[in-house]
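First residue of the sequence shown? That's 13 in the numbering used here, and the numbers climb one at a time after it.
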Amino acid sequence: MRLHAGWISPEDQRALVSGLRSVIAAAPLFAPLTGWGKPMSVRMTSAGRFGWYSDRKGYRYIDRHPSGSAWPPIPDRALEVWRALAGSARDPECCLINWYGPEARMGLHQDRDEADFTEPVLSISLGDDGLFRVGNIDRGGPSESVWLRSGDVLVMEGASRLLHHGIDRIAAGTSTLLERPGRINLTLRVVT
Ligand code: MD3
Ligand code: FE
């Protein structure tokens, strides 16, 4: 995987956040349910042709927000980052927006709900620092951690595309980008 630390300027980070405010106004954040029926601590919504969704029936992409409206378009600023760094001929079909409050975390998992693992996943971090952990393709074994900071872009491609990964914790108050403590992560994906 490639980490482009501080790749997005503070000015562009603010522009991204303002684009996200419109997305969230049209497609409000919600807490997806895990397979156990327990709400996740990370709140989510999506932009693009597909949005990621989860309930007791499992993880999947759906073409409408749970309210029934179409997902809003992916903000131009996010598309520009993808076109500059993803090295893919295709444009992303989903921009998943994860919002972490100070207590939120995301357990180790793989991203495997997409049809084509030869397409990269690109992640943009905004707001407070998040402790990112990456492990192996199979469950278990050693892992490595790195803090993801506001403006960092991480590109997962090739062999790294199916590694287990998660967010262990947020360091609240490490960034002044957002009005409240917390972290936003955008992941751009080709779904089909
Ligand atoms: C490594 N998000 O939305 S982004 C997710 O910070 C997700 O919100 C985390 O994991 C977050 O699925 C981590 C970095 C990331 C995203 C996708 C990956 C790392 C990845 C896919 C494969 C390997
Ligand atoms: Fe993931």
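Every residue gets a Cβ at the ideal spot worked out from N, C-alpha and C, and that includes glycine.
Quick check on A59: buried or exposed, where buried means 16 or more other Cβ atoms within 10 Å of its Cβ? buried
Please indicate yes or no: does the CB of S135 lie closer than 7 Å to some heavy atom of ligand 1? yes
Considering only DSSP beta bridges, list what F144 is partnered with. V158, I179
With a Cβ-Cβ cutoff of 8 Å, do S135 and L189 count as a contact? no
Which residues share a DSSP beta bridge with V165? H16, I136
Do you know offhand how far Y73's Cα is from Y65's? 6 Å
Quick check on DSSP: helix, strand or coil for I86? coil
Whether V158 touches L97 by CB criterion (8 Å): no
Euclidean distance between Cα positions of G194 and E126: 27 Å
Three or more C-beta pairs below 8 Å linking the segment 129–148 and the segment 50–57: no
Could you tell me the distance, in whole angstroms, from the CA atom of D24 to the CA atom of D103? 20 Å
Since G119 and G178 are thought to touch, with beta carbons under 8 Å apart, how far apart are those beta carbons, to the nearest angstrom? 5 Å
Taking S58 as part of the beta strand (DSSP E), name the residues at either end of that continuous run. 55–60
For R72, does the three-state DSSP call read helix, strand or coil? strand
D128 and V202: beta carbons closer than 8 Å? yes
Any idea what DSSP makes of D24, helix, strand or coil? helix
Could you tell me if the beta carbon of D123 falls within a distance shorter than 7 Å of some heavy atom in ligand 2? yes
On the premise that L15 lies in contact with D164, defined as a C-beta separation below 8 Å, what is that separation, rounded to the nearest angstrom? 6 Å
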